[in-house]
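K.L.:
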Amino acid sequence: MAAHTTVLDDLDDETAHLIIKCQLEELTQLEREFGAGSEGGKDGEVARRFYEAELKAYRALRGFAEEEAQAPDEGDGVDQQPSPPAAAPDGVPRFECSVCDERNVSDYDYSAPCGHHYCGDCLSDLFATSMRDERFYPPRCCNQHILFESAGIFLRKEVETEFADKKEELDDSRRTYCHVPTCSTYVPQSHKQADVARCPSCQQETCILCHGATHEGDCPPDEAAQSVIDTASQEGWQRCYSCQRMVELTIGCNHITCHCRAQFCYVCGERWRTCRCPQFHEERLLARAEQVADREGGNAAELAEQLRQHHECQRGDHEYERIEGGGDCDECGEYLRVFIWRCENCHTDICSRCRFNL
Ligand SMILES: [Zn+2]
Ligand SMILES: [Zn+2]
Ligand SMILES: [Zn+2]
Ligand SMILES: [Zn+2]
Ligand SMILES: [Zn+2]
Ligand SMILES: [Zn+2]
Ligand SMILES: [Zn+2]
Ligand SMILES: [Zn+2]
1 MAAHTTVLDD
11 LDDETAHLII
21 KCQLEELTQL
31 EREFGAGSEG
41 GKDGEVARRF
51 YEAELKAYRA
61 LRGFAEEEAQ
71 APDEGDGVDQ
81 QPSPPAAAPD
91 GVPRFECSVC
101 DERNVSDYDY
111 SAPCGHHYCG
121 DCLSDLFATS
131 MRDERFYPPR
141 CCNQHILFES
151 AGIFLRKEVE
161 TEFADKKEEL
171 DDSRRTYCHV
181 PTCSTYVPQS
191 HKQADVARCP
201 SCQQETCILC
211 HGATHEGDCP
221 PDEAAQSVID
231 TASQEGWQRC
241 YSCQRMVELT
251 IGCNHITCHC
261 RAQFCYVCGE
271 RWRTCRCPQF
281 HEERLLARAE
291 QVADREGGNA
301 AELAEQLRQH
311 HECQRGDHEY
321 ERIEGGGDCD
331 ECGEYLRVFI
341 WRCENCHTDI
351 CSRCRFNL
């Protein structure tokens, strides 16, 4: 038992309980007032977190109930309930990482706002992925943001540094990069004036409207953008009205939920339920049913009917169950060796990262 809590050993239950409660409230208050990175800086924050974990473990050891509100129930089956930290005999909390299933014992385990636990490695992997794949940015679990301000100290040093450097760029919804192809440096807000962005690296100027070299008068026509639009229409892709991202229909239901959460019709691109297009693309629906039949066995025609009935899953209301033995993730295409989540209604197979962090 560490120094902080041994003094409580001699106290009666009621007094000890009260002291723990007050201490925890005080820590929460400190966190609220000062936030991350102040009042003793990082060391102070780590110390506060460690003390908090210690108090909670001691509280569990003495058999006192928790006072805090429980994490919200998402109604998505028991498997999604975060595992509470169990107190080890020595009073040090042990966390089971929700991602890698390892039992990691460390002072640095991060508990996400949704209640899932992340070991330092898995949290670092998530932050690193979010910098390379924007679908995972900003980092989140169960749709709740994992703020860098609170999670930063749990990251591997190199990930923390890189993320801090890139944060402005990642948060910038109207990014400008230096137009010189060999440079392509991100131009921060501080280097922009009117429609001109001056590269902090090579000092060349870029037009923030057309992303080419600065010029007199109107921007020249954008041939590259036009060719993307042409390819998209040849391939039958649709463009999200909200974020402009290109999406390709794979499952067969014309109701698309974009990564930006916008919902629209795949046929005409209008907001969902504002048009009179058919709900399904028959060929794609049948192709999808055959793909599922190959993977799981079963009758393709019956599966097609089931997919038709459960297309509302596309809003994110899946009923996942854990399937041992691995498989390909329908979302990111990655092969998972150990297990995969499968929706029993729409037969989507998905990896943990795409399920929790997208
Ligand atoms: Zn982990
Ligand atoms: Zn979560
Ligand atoms: Zn440059
Ligand atoms: Zn221009
Ligand atoms: Zn979108
Ligand atoms: Zn439509
Ligand atoms: Zn589903
Ligand atoms: Zn995936």
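Taking UniProt numbering, the leading residue of the sequence shown gets 1, the next gets one more, and so forth.
Quick reminder that beta carbons are idealized off the backbone N, C-alpha and C, glycines included.
Owing to the predicted nature of the structure, the values given are computational and were not obtained by experimental measurement.
#1: Give the straight-line distance between the Cα atoms of His255 and Gln263, rounded to the nearest whole angstrom.
#2: Less than 7 Å separating the Cβ of Leu336 from some heavy atom of ligand 4?
#3: Grab me the residues of His215's own chain with a C-beta within less than 7 Å of its C-beta, minus the 5 sequence neighbours each way, in chain order.
#4: What would DSSP say about Cys343, mapped onto helix, strand or coil?
#5: Below 7 Å CB to CB, which residues in the same chain sit around Leu336 once its five sequence neighbours on both sides are set aside?
#6: How is Cys122 classed by DSSP in three states: helix, strand or coil?
#7: Which residue's Cα is closest to the Cα of Arg245: Leu126, Tyr110 and Arg135?
#8: Since Leu307 and Cys346 are thought to touch, with beta carbons under 8 Å apart, how far apart are those beta carbons, to the nearest angstrom?
#9: Just list the alpha helix (DSSP H) runs in the segment 247-296, keeping only unbroken ones of 4 residues or longer that don't cross its boundaries, in chain order.
#10: Say the cut is 7 Å; is the CB of Val267 nearer than that to a heavy atom of ligand 3?
#11: Starting from Glu205 and walking both ways along the beta strand (DSSP E), at which residues does that stretch end?
#12: Could you tell me which whole alpha helix (DSSP H) segments of length 4 or greater appear in the segment 106-171?
#13: Which value, in whole angstroms, describes the spacing of the CA atoms of Ile146 and Ser173?
#14: For Glu223, which three-state DSSP category applies?
#15: Can you check whether the CB of Cys243 is closer than 8 Å to the CB of Cys260?
#16: Can we count Glu290 as close to ligand 8, meaning its CB is less than 7 Å from some heavy atom?
#17: Determine the contact status of Leu155 and Ser124, defining contact as a CB-CB distance below 8 Å.
#18: Taking 5 Å as the limit, tell me which residues put their C-beta closer than that to any heavy atom of ligand 1, in chain order.
#19: In whole angstroms, what separates the C-alpha of Pro221 from that of Glu160?
#20: Can you find a heavy atom of ligand 2 that lies under 7 Å from the Cβ of Asp151?
P.N.:
From the atom records:
#1: 7 Å
#2: no
#3: Cys207
#4: strand
#5: Gly326, Gly327, Cys329 and Cys351
#6: helix
#7: Arg135
#8: 6 Å
#9: 282-296
#10: no
#11: Glu205 to Cys207
#12: 120-132, 148-151 and 157-171
#13: 19 Å
#14: helix
#15: yes
#16: no
#17: yes
#18: Cys97, Val99, Cys100, Cys119 and Cys122
#19: 40 Å
#20: Strictly speaking, residue 151 in this sequence is Ala, with Asp absent from that position. Because no heavy atom of ligand 2 lies under 7 Å away, the Cβ of Ala151 does not count as near it: no.
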